[in-house]
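Peer 1:
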Amino acid sequence: MSDQQDRRQPAAVGDDVPASHRFWDALAGGTDHRPADLRAAAEVERLFPELVAGARATRPFQARVVRHLVEAGVRQFIDLGTGLPSAGNTHRLAQDLAPDARIVSVDIDPRLIRHVSALMPSSSEGAADYVAADIRDVDAVLDRAAATLDLARPVAVLAMSMLGHLPPGTAPGVVRRYTAALAPGSHLAVCDSWAGAPGVTEASDAYNATGAMPYHLFASLDELADTAAGLTILDPGVVPVDHWRPDTPAPAPGPGVGQFGLLAVKD
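Be aware that the sequence shown starts at 1, since it is given in the numbering used here, and climbs by one per residue.
As structure tokens, then:
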């Protein structure tokens, strides 16, 4: 494994190279990004324009997933790679629907964690904690989460468009360490990109050439599904995110799909 493949995010991400959370904000048409993020987003869009639609479909997918989880009685969440504090953030989605929800948000960038924690206090009925950690430090993350969550009860783990920051081929194993430690009735939600769409590899290479924390595509949809090995993947399976239980009918997917997603449950 190369040093680049195992490279971890700096202690705090500066403004001169793209940061994952700001890059996704730029792709999705947000305003909380820097020129470096905007330049990277423009180049990625040129090479793989479908990723823009995928980025913009990810938050609605996340909202539908959280709504399903709350309706299923889930009140505990671990949000891996939490991202910026938008209206589609897991914390806000969950506590808007269930004020007693308890959320642990994890990100490797301590500056982002400070920013999010300042802007998103918990509801009085629920609880929230913000953890600056590498998600590969599973034991440390779960130890910290146990101060806020009851890990003997079901927990939903969400990993939205962030597992590509792990070294190639390692994401399924990391995710399975989380789900193995959780109670029956726990859920896993994942969405990410894979290498089969035309232009996506070139776009990924262009992003990685900026000096940002490298992003590695899933080699196949089978590898993406393998994050849920040992769980039951709920209908409709591993699908483009805008086709996962859409509120209105989604158009037929073209040859390039920016993001695929799944929701699974631990029996």
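For each residue, glycine too, the CB sits at the ideal point set by N, CA and C. All figures in this text were calculated on a predicted structure; none of them were measured in a lab.
Here's a check: name, in chain order, each residue in its chain whose Cβ is nearer than 6 Å to the Cβ of Ala-101, leaving out the five neighbours to either side.
Peer 2: Looking up residue 101 in the sequence shown gives position 101. Closer than 6 Å at Cβ, skipping near neighbours: Arg-75, Ala-94, Gln-95 and Gly-126.
Peer 1: Opposite Asp-100 in the DSSP bridges: which residues?
Peer 2: The count along the sequence shown starts at 1 and reaches residue 100 at position 100. For Asp-100, which the question treats as bridged, DSSP gives no partner whatsoever.
Peer 1: CA-CA distance, Asp-79 and Arg-46?
Peer 2: As a working mapping, residue 79 is identified with position 79 in the sequence shown. As a working mapping, residue 46 is identified with position 46 in the sequence shown. About 30 Å.
Peer 1: To the nearest angstrom, how far is the alpha carbon of Gly-196 from that of Gly-258?
Peer 2: Numbered from 1 along the sequence shown, position 196 holds the residue referred to as residue 196. Numbered from 1 along the sequence shown, position 258 holds the residue referred to as residue 258. Cα to Cα, Gly-196 sits roughly 10 Å from Gly-258.
Peer 1: Tell me the start and end of each unbroken alpha helix (DSSP H) in the stretch 181-231 that is at least 4 residues and wholly inside, in chain order.
Peer 2: Correct list: 200-208 and 221-226.
Peer 1: Report the partner residues of Gln-76 according to the DSSP bridge assignment.
Peer 2: For this step, residue 76 is matched to residue 76 along the sequence shown. In DSSP, Gln-76 forms a bridge with Arg-102.
Peer 1: Evaluate the contact criterion for the stretch 137-144 versus the stretch 177-188: three or more CB pairs, one atom per stretch, below 8 Å.
Peer 2: These segments touch.
Peer 1: CB-CB under 6 Å to Ala-212, same chain, minus the five flanking residues each way: which ones, in chain order?
Peer 2: Against the sequence shown, residue 212 aligns to sequence position 212. Correct list, in chain order: Val-17 and Pro-18.
Peer 1: Does the beta-carbon of Gln-5 have 16 or more other beta-carbons within 10 angstroms, so that it is buried, or is it exposed?
Peer 2: Within the sequence shown, numbered from 1, the residue matching residue 5 stands at position 5. For Gln-5, the pLDDT reaches just 37, beneath the cut-off of 50, and the residue's location in the model is therefore unreliable, although a value from the coordinates is still provided. Burial call: exposed.
Peer 1: For Asp-345 and Arg-56, what's the separation of their Cα atoms in angstroms?
Peer 2: A question about residue 345 goes unanswered here, because the residues of the chain that appear run from 1 up to 267.
Peer 1: Locate the alpha helix (DSSP H) running through Ala-133, then write down its first and last residues.
Peer 2: On the sequence shown, position 133 is the one that residue 133 refers to. Premise fails: Ala-133 is in no alpha helix (DSSP H) and is neither H nor E.
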